[in-house]
Amino acid sequence: MLYKFKKKKPTTAANIFIAPGSRVIGDVEIAEHSSIWYNTVVRADLAEIKIGKYSNIQENSTVHVEQNQGVEIGDYVTIGHNAVIHACKIGNKSLIGMNATILSGAWIGEGCIVGAGAVVPENAEIPPGSLVLGVPAKVVRSITKEKIIELKQHAIHYADLAARQEDIEEIK
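If you read the sequence shown in the numbering used here, its first letter stands for residue 31, the second for the next number, and so on.
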């Protein structure tokens, strides 16, 4: 569902998917072929959230902002189940693992993987092409160019999966 907040309402491309049970609130922009999966909250009540093309935010995730500090999610980004994305920037072709948390002011470079359960600290800067693991999250190694291609393909796969969700029907 889309909700207006203080005269700001979400803007969406025509070919996106927002699953039942999800909430998209306020100053949110969602680009083409992107998807917001079941029971996810994208709340832009204090600043803007931009979601690039072919990006997916999977079940039960939360995307939120701070006063004057929004969220930018690049193109071909996958955000895994139960992730928390808070007032940060995520570069193109990156993957944020299940239950990972990205804290305020963090910057995730292009082609990164943030492992499941990792917590990226406030204002952390993760260089492009990095694998990041742990609590607090630390760069453990570089990602290969082949793996970055796989990350893009994974995001495209989710766009295809989203397109097939048209057939979902609630059973009463």
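The beta-carbon is built from N, C-alpha and C at its ideal position, and this holds for glycine as well.
Check your understanding: According to DSSP, is residue 178 helix, strand or coil?
Key -> As a first step, residue 178 must be located in the sequence shown, where it is residue number 148. Reduced to three states, the DSSP call for residue 178 is helix.
Exercise for review: Select from 74, 189, 107 the residue whose C-alpha is nearest the C-alpha of residue 125.
Suggested key: As a working mapping, residue 125 is identified with position 95 in the sequence shown. Of the candidates 74, 189, 107, the one whose C-alpha sits nearest the C-alpha of residue 125 is 107.
Check your understanding: CB-CB under 6 angstroms to residue 172, same chain, minus the five flanking residues each way: which ones, in chain order?
Key -> By one-based count along the sequence shown, residue 172 stands at place 142. Within the same chain, Cβ atoms closer than 6 angstroms to the Cβ of residue 172 are found at 159, the five residues on either side in sequence being excluded.
Check your understanding: On the three-state DSSP scale, how would you describe residue 155?
Key -> Position 125 of the sequence shown, counted from the start, is the residue given in the question as residue 155. Secondary structure of residue 155 (DSSP, three-state): strand.
**Study point:** For residue 94, the first and last residue of its enclosing beta strand (DSSP E)
**Key:** Counting from one through the sequence shown, the residue named residue 94 turns up at place 64. Annotation for residue 94: the continuous beta strand (DSSP E) segment containing it runs 92-94.
Review point. If you draw a straight line from the C-alpha of residue 156 to the C-alpha of residue 116, how long is it?
Key: The count along the sequence shown starts at 1 and reaches residue 156 at position 126. The count along the sequence shown starts at 1 and reaches residue 116 at position 86. Rounded to the nearest angstrom, the two C-alpha atoms are 15 angstroms apart.
Review point. Between the segment 173-186 and the segment 34-54, do three or more beta carbon pairs fall short of 8 angstroms?
Key: These segments do not touch.
Exercise for review: Quick one: using the 10 Å Cβ neighbour count with 16 as the cut-off for buried, is residue 112 buried or exposed?
Suggested key: Sequence index remark: in the sequence shown, residue 112 carries index 82 (1-based). Answer is buried; the Cβ neighbour count reaches 16.
Review point. What do you reckon, are the CB atoms on residue 101 and residue 87 nearer than 8 angstroms?
Key: Numbered from its first residue, the sequence shown carries residue 101 at position 71. Numbered from its first residue, the sequence shown carries residue 87 at position 57. The answer is no: Cβ separation not under 8 angstroms.
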